[in-house]
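Residue numbers (our numbering): 173 to 427.
Accompanying notes for the structure given below.
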Amino acid sequence: MQRIEAYFSGEAYAPHRHDTYSIGYTINGVQSFDYRGARSDSVAGQVIVLHPDEIHTGEAGTQEGFHYRMLYVEPSLVREALGPEANALPFLRDAVLTDPRLMQAIQAAFADMDTSLEPVAMDELAVLLADGLLANDKSAHRTTGSLIDLKATNRAREYLDGNLAQVVHSDQLEKITGLDRFALARQFRKAFGTSPYRYLTMRRLDQVRGDIAAGTTLVDAAVRAGFSDQSHMTRRFKTGYGISPGDWQRLMHQT
173 MQRIEAYFSG EAYAPHRHDT YSIGYTINGV QSFDYRGARS DSVAGQVIVL
223 HPDEIHTGEA GTQEGFHYRM LYVEPSLVRE ALGPEANALP FLRDAVLTDP
273 RLMQAIQAAF ADMDTSLEPV AMDELAVLLA DGLLANDKSA HRTTGSLIDL
323 KATNRAREYL DGNLAQVVHS DQLEKITGLD RFALARQFRK AFGTSPYRYL
373 TMRRLDQVRG DIAAGTTLVD AAVRAGFSDQ SHMTRRFKTG YGISPGDWQR
423 LMHQT
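So this is what it looks like as structure tokens:
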């Protein structure tokens, strides 16, 4: 679970997609974005929920700019917090909504930005967010004939987490999970909202962001994370976050 608070004017983010839930709210101004083929606008007090792997943009809806807070929550955390009540990850059709339960959870996460979230606090927030999402997607309660093999998908996720700098082959994942590559791809997406390869790419980019914030050069950050070169990392970074790694580096230095 990652937290950001930011102010932007003009165009903030080019088209990109996360493999996390993006859940936040606008503090002031108008936050505008394209999402699932439609234009959305969020004003002060409204909650924003973007589903994993959905392409979106970000810009100011007025010349005054916008100020917002956003949580990036791994689908695996939501999946675990849902427990047996839900068969699928919740999907909210409306990207902008007014929901006191979700707003309470977000505000609790930002109560103290200067302190890292402790494990117990993280668990509590995960439950609040999961319950809020589930309340807004009744279809996630429905049982279907295709259940998720959570043990197998978790083994795949743990292997990907431990091999960021390596080339991961499908036959390796088949051996680890006991599922064929196509069944794994389908079940992994149901469990975590994205494909195994997209998950691996985004974890590599998470490492890149951490390395850049710690002062590592862009070239070294790319190599450490398993990208073929800096250009490869840059393309993936902009696709994942909507800004270039150089822009991210400048933002970190300003902060």
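Cβ atoms here follow ideal geometry from the backbone N, Cα and C, with glycine treated the same way.
Bear in mind the structure is a predicted one, so any value in this text is a computation, not a measurement.
Taking DSSP as the reference, what is the three-state secondary structure of M374?
Helix at M374.
If distances are taken between C-alpha atoms only, which option among T192, L243 and L356 comes closest to I227?
When only C-alpha atoms are compared, the closest one is T192.
Report yes if the C-beta distance between V219 and L269 is below 8 Å; otherwise report no.
Yes. Within cutoff.
Just to confirm, is the Cβ distance from I195 to I278 under 8 Å?
It is a contact, given that the beta carbons lie within the stated cut-off.
Please specify which runs of the beta strand (DSSP E), each continuous and at least 3 residues long, are wholly inside the region 224 to 286, giving them in chain order.
Complete beta strand (DSSP E) runs here, min 3: 228 to 232 and 238 to 245.
Over what stretch of residues does the alpha helix (DSSP H) that includes F364 continue unbroken?
F364 -> alpha helix (DSSP H) spans R353 to F364.
For N308, which three-state DSSP category applies?
Of the three classes helix, strand and coil, the one that applies to N308 here is coil, per DSSP.
In its own chain, which residues sit with a C-beta less than 8 Å from the C-beta of I384, not counting the 5 before and 5 after it?
Result list for I384: L390, A393, P417, W420, Q421 and M424, in chain order.
Do L249 and G365 have their C-beta atoms closer together than 8 Å?
Not a contact, by the Cβ cut-off of 8 Å.
Out of M242, V340 and R327, state which residue places its alpha-carbon closest to the alpha-carbon of R370.
Measuring from the Cα of R370, the nearest candidate turns out to be V340.
Put E346 into one of helix, strand or coil per three-state DSSP.
In the structure shown, E346 sits in a helix (DSSP, three-state: H, G or I).
Which of helix, strand or coil does DSSP assign to T198?
The answer is strand: DSSP assigns T198 an E or B state.
Grab me the residues of N308's own chain with a C-beta within less than 6 Å of its C-beta, minus the 5 sequence neighbours each way, in chain order.
So the qualifying residues of the chain are L264.
Determine whether the beta carbon atoms of G398 and R376 lie at a separation below 8 Å.
For G398 and R376, yes; Cβs fall inside 8 Å.
I want to know whether the region 174 to 191 touches the region 237 to 252 - three or more CB-CB distances under 8 Å.
The region 174 to 191, when compared against the region 237 to 252, does touch it at the 8 Å Cβ threshold.
Between the region 322 to 331 and the region 348 to 368, are three or more C-beta pairs nearer than 8 Å?
At 8 Å Cβ cutoff, the stretches touch.
Output the distance between the C-alpha atoms of D225 and A267, rounded to the nearest integer angstrom.
Those two C-alpha atoms are separated by around 14 Å.
Using only the alpha-carbon positions, how far apart do D206 and E290 sit?
Going from the Cα of D206 to the Cα of E290 covers about 34 Å.
Note down, in chain order, each residue of its chain lying with its Cβ closer than 8 Å to the Cβ of A298, except the 5 sequence neighbours on either side.
Closer than 8 Å at the Cβ level, and outside the excluded window around A298, lie M173, V245, L249, V250, E252 and A253.
Would you identify the three-state DSSP class for A337, choosing helix, strand or coil?
Here A337 sits in coil by DSSP.
Could you tell me the alpha carbon to alpha carbon distance between V395 and H190, rounded to whole angstroms?
Spanning the two alpha carbons is a distance of roughly 22 Å.
What are the boundary residues of the beta strand (DSSP E) that includes R211?
A210 to S214 is the span of the beta strand (DSSP E), which, as asked, contains R211.
Could you check where the beta strand (DSSP E) with R175 kicks off and where it finishes?
From DSSP, the beta strand (DSSP E) with R175 extends over Q174 to F180.
Could you tell me whether any Cβ in chain C is nearer than 8 Å to the Cβ of I348?
Of the chains in the structure shown, none is chain C; there is only one protein chain.
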